[in-house]
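>
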Amino acid sequence: MLGPVLVGERITLAPARPEHLPEFVRWFADLEVTRFLLVRFPFSEKQEQEWYDSVAGDRTCVHWAIFREERLIGVTGIHQIDWINRNAITGTILGVRDEWGKGFATEAVRLRTQFAFQELNLERLESQSFAENGGMHKALQRSGYREIGRRSHARFSEGSWHDIILFELLRDQWQAAAG
Ligand SMILES: CC(C)(COP(=O)(O)OP(=O)(O)OC[C@H]1O[C@@H](n2cnc3c(N)ncnc32)[C@H](O)[C@@H]1OP(=O)(O)O)[C@@H](O)C(=O)NCCC(=O)NCCS
Numbered sequence: 003m004l005g006p007v008l009v010g011e012r013i014t015l016a017p018a019r020p021e022h023l024p025e026f027v028r029w030f031a032d033l034e035v036t037r038f039l040l041v042r043f044p045f046s047e048k049q050e051q052e053w054y055d056s057v058a059g060d061r062t063c064v065h066w067a068i069f070r071e072e073r074l075i076g077v078t079g080i081h082q083i084d085w086i087n088r089n090a091i092t093g094t095i096l097g098v099r100d101e102w103g104k105g106f107a108t109e110a111v112r113l114r115t116q117f118a119f120q121e122l123n124l125e126r127l128e129s130q131s132f133a134e135n136g137g138m139h140k141a142l143q144r145s146g147y148r149e150i151g152r153r154s155h156a157r158f159s160e161g162s163w164h165d166i167i168l169f170e171l172l173r174d175q176w177q178a179a180a181g
């Protein structure tokens, strides 16, 4: 599913549109952007179109584009939703490098997390991140996500092995973190 518009203080989450797909293709061709992603090969525009069509009709995910004013800067989503156990996997990518380090991932995680618990009625969210991806860790932890484990040498890139850190967030923990 494409997510509804969620207005934050400095960013807005809104449904991606087909005209955004060429931008997604560019992001996935940038090895700096994909440094901490599991996918490091670009998609074709045709593959992006197929992906878009499948996401729009997939009731086990909610996907948003992230906008700063009118500028598309990233994507975020809730994936693999298990409607019986009310679990899901979350992820974020800021494809525009000059927008990194300004707190936008932190805000996107906050908006997405509130939606996951208050609108989707989920109970548990899980996310994974390269051990070196300090920015993502902080953004997750600020919404209450806690580190629960590590997959050692789970990925090989740039000439060496990397560990993946697992994070989880339960509804109660989120409520406690939100005060
Ligand atoms: C990882 C990513 C989402 C972080 O987004 P962001 O908007 O830069 O994150 P924020 O600005 O909200 O950062 C949160 C905090 O982490 C800090 N931070 C950012 N990059 C950091 C890094 N490499 N190491 C340590 N801290 C970092 C920020 O300064 C900020 O802390 P502060 O408020 O105390 O200054 C973004 O860099 C990105 O999309 N990268 C490419 C794709 C990717 O790796 N996605 C995540 C896959 S799990």
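Mapped onto my numbering, the consecutive letters of the sequence shown carry residue numbers 3 to 181. For every residue, glycine included, the Cβ atom is placed at its ideal position computed from N, Cα and C. Predicted model, so just to flag it, every value in this text is computed and none were measured.
(1) In whole angstroms, give me the CA-to-CA distance for residue 107 and residue 80.
(2) What ranges does the alpha helix (DSSP H) occupy inside the region 90 to 140, keeping only unbroken runs of at least 4 residues that lie completely in it?
(3) Nearer than 7 Å: is that true of the beta carbon of residue 80 relative to any heavy atom of ligand 1?
(4) For residue 27, verify whether its CB is less than 7 Å away from any heavy atom of ligand 1.
(5) Mind checking residue 146: buried by the 16 CB within 10 Å criterion, or exposed?
(6) Roughly how many whole angstroms lie between the Cα atoms of residue 139 and residue 20?
(7) The beta strand (DSSP E) spanning residue 149 covers which residue range?
(8) Pull up the DSSP beta-bridge partners for residue 67, would you.
(9) Could you tell me the alpha carbon to alpha carbon distance between residue 144 and residue 156, rounded to whole angstroms?
Looking at the coordinates:
(1) One alpha carbon belongs to residue 107, the other to residue 80, and they sit about 14 Å apart.
(2) Note on the region 90 to 140: whole alpha helix (DSSP H) runs with a minimum of 4 residues are 106 to 120, in chain order.
(3) Within 7 Å of the C-beta of residue 80 there is not a single heavy atom belonging to ligand 1.
(4) Because no heavy atom of ligand 1 lies under 7 Å away, the Cβ of residue 27 does not count as near it: no.
(5) Buried: at least 16 other Cβ atoms inside 10 Å.
(6) Straight through space, the alpha carbons of residue 20 and residue 139 are spaced by roughly 30 Å.
(7) Looking at the DSSP string, the run of the beta strand (DSSP E) that includes residue 149 is 148 to 159.
(8) DSSP, once it has assigned bridges, lists 16 and 77 as partnering residue 67.
(9) In a straight line, the C-alpha of residue 144 is about 25 Å away from that of residue 156.
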